[in-house]
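Step one of this worksheet: look at the structure below.
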Amino acid sequence: METLWTPLNIISPLARGMGTPHRKEVLDYQMNDCNFMKMICITKFLSRKLKEAIKGSAESKLAFQNLNETAHPNMVVLWEAEEALTHANRAEDPTAMDIYEVQLEKAPTRKQQELRLLQAQNHPDYPLTDPPGRRGAATWLATSLTIEELQISLTRDVKRLRTYPTVSDLARR
196 METLWTPLNI ISPLARGMGT PHRKEVLDYQ MNDCNFMKMI CITKFLSRKL
246 KEAIKGSAES KLAFQNLNET AHPNMVVLWE AEEALTHANR AEDPTAMDIY
296 EVQLEKAPTR KQQELRLLQA QNHPDYPLTD PPGRRGAATW LATSLTIEEL
346 QISLTRDVKR LRTYPTVSDL ARR
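In this note's numbering, each residue carries its 1-based index in the sequence shown increased by 195.
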């Protein structure tokens with residue numbers, strides 16, 4: 196339920212000097228008028244929301260069709276089975292609906308990814324193309340990412356400085 200504080204704040208200074216019965220009558224009239232205007236304008240609001248819902252429904256159907264076409268057929272069969280099971284069990288077990296929650300796995304951090312690449316590189320099946328004294332691909336990738344991050348940071352700092360920075364501007368960096 197929406198509160199009516201905003202419209203009432205407009206007339207509250209006028210109602211301060213009124214007697215109690217008159218103030219109550221003015222505030223009741225203002226609240227009834229606000230509710231009446233909401234009731235009249237709700238058709239425009241609901242019509243707009245219906246148009247937005249129809250448009251959103253069409254966009255959702257198109258996105259679903261694209262997803263359904265690109266997904267592996269075995270996954271589609273699995274998802275349909277999970278959906279049927281969920282709809283069958285939702286009355287007895289509301290937690291069955293949890294499969295509709297977004298389930299995202301956190302991406303590995305840069306260090307975790309580097310460690311994984313190093314472990315794969317040191318695995319006996321990994322083809323040894325570099326001599327023993329050279330760095331592996333994982334270390335090169337990690338170093339290049341660090342260099343790229345530093346370049347981005349430097350670019351950002353240069354943009355923050357003016358064309359002719361003062362000594363105090365340079366000292367802050």
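We put the CB at the ideal spot given by N, CA and C, even for glycine.
- Contact between the segment 222-242 and the segment 202-209 is present: three or more C-beta pairs spanning the two stretches fall below 8 angstroms.
- Alanine 337 sits buried, since 16 or more C-beta atoms from the chains shown fall within 10 Å of its C-beta.
- According to the DSSP assignment, threonine 265 belongs to the alpha helix (DSSP H) that extends over 215-265.
- Distance from the CA atom of glutamate 296 to the CA atom of leucine 241, rounded to whole angstroms, is 28 angstroms.
- Rounded to the nearest angstrom, the Cβ distance from glutamine 316 to alanine 332 is 6 angstroms, consistent with a contact under 8 angstroms.
- A distance below 7 angstroms separates the beta carbons of glutamate 277 and isoleucine 294.
- Look at tyrosine 359 here: in three-state DSSP terms it is coil, with no helix or strand label.
- In the displayed model, proline 289 falls within a helix according to three-state DSSP.
- Counting along the chain, isoleucine 205 sits inside the alpha helix (DSSP H) bounded by residues 200-211.
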